[in-house]
Every structure is written in structure tokens, then in C-alpha cells.
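Notes for the one structure printed next.
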Amino acid sequence: MHLNIALFGIAREIVGQPTLEIDAPAGQSARGLLAELHARYPALAALSSLAVAVNNEYAADDTPLHERDEIALIPPVSGG
Amino acid sequence: MHLNIALFGIAREIVGQPTLEIDAPAGQSARGLLAELHARYPALAALSSLAVAVNNEYAADDTPLHERDEIALIPPVSGG
Amino acid sequence: MIHIDLTDQPIAVADALRSVEADGAGAINTFIGTVRNQSTGRAVIRLEYEAYDSMALHQLRKVAEQAVAQWPMLQKVTVIHRKGTLHIGDVAVVVAVSTPHRAESFAACQYIIDTLKQVVTIWKKEFYQDGDVWVAAHP
Amino acid sequence: MIHIDLTDQPIAVADALRSVEADGAGAINTFIGTVRNQSTGRAVIRLEYEAYDSMALHQLRKVAEQAVAQWPMLQKVTVIHRKGTLHIGDVAVVVAVSTPHRAESFAACQYIIDTLKQVVTIWKKEFYQDGDVWVAAHP
């Protein structure tokens, strides 16, 4: 399946673009997506944390992803 | 000696006037003054607390009073 | 660094907030006490604050100084208390503090309002439809 | 009862305070975060907040709702966060809550700002004379 991933902050800078399209096996989990992205962009592994958000909620490691989901990569937040 | 006592809030209402002049023995303490006032105005004894202030500070029980002191009777405060 | 006031005029809250701004202070905590429409279940119509002015100002400053001693990172402190007749919604007290870090701004502001209520010589009389009460006077 | 905003315009602090006024609420606590002139010892020139808007708004509302669930006496909650470029002294965030009693106003306001900093999808980049850093990005 085809996933569109929104990128923010330092994750956007590491990848070098604000969105990323990747092909993933059906039923790919949030954990699986992170492993794939860490392999492609090793600098992501140096971050204090990196979460996957699905439809504006933080996703658990085993959350399955779907083509229609709004997926985003969430580096350490620093609002306030 | 002659003491001038400023009264506030419910203490002012109980006594019925904003200041009180009383004669007291030389070296009268804050505790002694309170005893004298409780005797004259029994309603003061019903208050949750009653303190004596000398020159804008709360006085300890055994603080001696002097004619030149600015003395005040402090019923329970309720600012804020 | 410490600004204290006791006034019979409406408190300008925005000015009080501005008074604690500092380039080195990223955190401002403010407590505003307003007149509620009820107290211990009775409808409040208005209230009156009476103050022993000289002692209230002296004690307010002491409370602020104690806060600065306890939280040396405090940059600015403003405490303004109203006196006279107040109606529902009127601002009775404003405490504003600024610090570099936020946890201390909450702790210092809360210390000041809590201590103010214990020691500052101001008395509140609440007026209801059917009477009035000096708050906290009796057990 | 809950008002949330994420804006690239200067935050009107006085309006935020007014928005939580309520006749039944005698206590208003406000936290204001402003841009400090230094961070971990380096002089800050300006900073930029980037937001994942839809998630930030959703998470801000969730945080406010959690506070109301935890302190049911909360009457009104306003949270406004700035995004874009900010300079020293600019207001980055305002949290304002109103309650009948003061202790809960401090606790709820502190809960909201503390939790906001943990979960809301906003990122701060600090700019210094000699570089820039995404705050908290690395251990």
C-alpha cells in the first residue's frame, strides 16, 4: 500500500521535505514504519523520541496503518 | 499609661467605634491588653482569633506596649 | 522588582501583568480573585473590604519579600488589593510573578496569595438579601 | 467553556483573561509563557514555532477536557498558542482557567501547561548569533 507521511520540525529537516510517500506492506504497523524510516534516514535514530500519529492521535507501536489514514512523524515536541 | 487602639472590621463593630483610648499599667503586655478588652467587650471572645499589632507587626503575647506605639486590634483577616 | 498597592479604584489587570514582564523571565503566573455570586450557599449582592492600610501594605511587602527569599529566581512581583465596595465579578486581588522557569512561577504565586489571606490586614464583609457577615470572623 | 486557539498573530492576553470570567468563579489562574533572552546559557535572538495544526488543536482540546474531568469545578478554560516567528518578550502561550476556589485554579492551570508541553504537536527552534537548535530534539 501507499502511505503519505507528514513531517514536522527536525524530522522534516532530516528528511529534507515536508511530506514523504512510501510503499509499505499491507497491515504495516507504526513500529514497522519507524523501522523502515530509521533505515532510510539514520539521523532520525539520534532523536530523543520519535512517534507516529494516526488521524491526530498518538499511535501505539502495533497500530496498523491504512492508506486513507492521516499519518505524521512526531519528533520531540517543544511547545509552551 | 494611656494607649490608643485602632479597631477594624468586626472588632470595630463590637466596640462601636474605630479607636479606643484606655488606661493601662506601665509595661502592660499584648496579652494583658487582650484580657482587659475581653472583660470589657465579651463578644470579642467569640471571634475565631484576635491579635494585637504593634507598629504594623503582629505582637507576641508578652510584647510590652508603650504609649507611643501604634497599637491595633486584629480580628480574623479575610482579604484575597 | 516588588510592586505593592492597595486601592479603592478598579484594578487594571492588564497593567499588573505588564508590570512583571522581564526579558529574562519566560514564565508569568497570575492569580486573580474576583467577587463570586455566592458564598457558602448564600447569594452575595456585594461586599466591602476594609483595610488597616499601613499594616496591610507593610505585610504585603513582607510576603512578597519572603517569596523572593524562598525563590531567588523570582524576577518581578506585583500584588494589588482592592478595598471599598465591590460587586459580582469585580477584581478583588491580583498577584503576578515572573520567573525564568514555570514551576517556580506557580509555587511563588500560590505562596503569596495563600500567605496574603493569612496575614494581611484586610477584612471582607459579605452582603446578602437578608443580612451581612464578616467573613471568617467566627468559628 | 473550553476555548482553544493556535494563531500566527500576537496573543491578546487581556482578552484571554476576560474569556474565563464567570460570576460563579472567584479564582482565575493564568500562565503566560514569553520568549526569554537566553536558553541554556546562550543568547536567543528569535525563535520559530512550527505546528502540526490539526493535531495540535485536537490535543490541546483533549488536555483541556482532561483537566475538566479531573477538576469538575473548572468553569472556563482558555488555551492560546502562538506559531511563526517570535522575538524576545513575545507571548508564546497563554493558559487561563477559572474555578470557584483558588487551589484548584493553580492545579488545573499547571496541569494544562505541563501536559501541553508533553503532548501538543508544536516545535520550537531557537536562533542564536551562531546557529540554531530544535529544542529538546536530541538527548
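Chains as they are written, first to last, in the working numbering: chain Z, 1 to 80; chain F, 1001 to 1080; chain X, 2001 to 2139; chain V, 3001 to 3139.
In this text, a Cβ means the ideal position worked out from N, Cα and C, and glycines have one as well.
Bear in mind that the values here come from a model prediction, so they are computed numbers and not experimental data.
Residue contact check for residue 2108 (chain X) against chain V: no CB pair falls below 8 Å.
One Cα belongs to residue 3077 (chain V), the other to residue 3060 (chain V), and the distance between them is close to 11 Å. In this structure residue 3021 (chain V) does not touch residue 8 (chain Z) by the C-beta definition: roughly 35 Å separates them, more than the 8 Å allowed.
Close CB contacts of residue 2045 (chain X) within its chain, under the 7 Å cut and outside five residues either way in sequence, are with 2127, 2128 and 2129 (chain order). Within 10 angstroms of the beta-carbon of residue 48 (chain Z) lie fewer than 16 other beta-carbons, which makes it exposed. Inter-residue distance for residue 27 (chain Z) and residue 39 (chain Z) is about 19 Å (C-alpha atoms, whole angstroms).
Within the stretch 1057-1074 of chain F, the residues whose Cβ lies closer than 7 Å to any Cβ of chain X are, in chain order, 1072 and 1074. For residue 2021 (chain X), the closest Cβ of chain V is nearer than 8 Å. Rounded to whole angstroms, the gap between the alpha carbons of residue 3096 (chain V) and residue 1044 (chain F) is 41 Å. Contacts with chain X at 8 Å (Cβ-Cβ) do not include residue 3041 (chain V). With respect to the C-alpha of residue 1078 (chain F), the residue from X:2033, X:2070, X:2014 and X:2065 having the closest C-alpha is X:2033.
Interface criterion met: the Cβ of residue 2113 (chain X) is under 8 Å from a Cβ in chain F.
The beta-carbon of residue 2036 (chain X) is placed less than 8 Å from the nearest beta-carbon of chain V. Boundaries for residue 3007 (chain V): no alpha helix (DSSP H) harbours it, while the beta strand (DSSP E) harbouring it runs 3002-3007, taken from the DSSP string.
Contact of residue 2058 (chain X) with chain F by beta-carbon distance below 7 Å involves 1056. Nearest CB-CB separation between residue 2033 (chain X) and chain V: below the 8 Å threshold. For residue 3127 (chain V), the enclosing beta strand (DSSP E) has its first and last residue at 3122-3128. Ranking F:1056, F:1035 and F:1037 by CA distance to the CA of residue 2120 (chain X) puts F:1056 first. Note that the C-beta distance between residue 3067 (chain V) and residue 3111 (chain V) is below 8 Å. The distance from the Cβ of residue 1003 (chain F) to that of residue 1067 (chain F) is about 7 Å, consistent with a contact at the 8 Å cut-off. Not a single CB atom of chain V sits nearer than 8 Å to the CB of residue 43 (chain Z). Residue 1042 (chain F) and residue 3014 (chain V) have their C-alpha atoms some 49 Å from each other. For the C-beta of residue 1005 (chain F), not a single chain X residue is nearer than 7 Å; the gap to the nearest is close to 12 Å. Around residue 3132 (chain V), the same chain offers 3125 and 3126 as residues with beta carbons nearer than 8 Å, after the five sequence neighbours per side are excluded. By the neighbour-count criterion, in which a residue is buried when 16 or more other Cβ atoms sit within 10 angstroms of its Cβ, residue 3081 (chain V) is buried.
The beta carbon of residue 3122 (chain V) falls within 8 Å of a beta carbon belonging to chain Z, placing the residue at that interface. With respect to the 8 Å criterion, residue 2004 (chain X) and residue 2093 (chain X) are not classified as neighbours on the basis of their beta carbons. Contact with chain X is absent for residue 1032 (chain F), since none of that chain's Cβ atoms lies less than 8 Å from the residue's Cβ.
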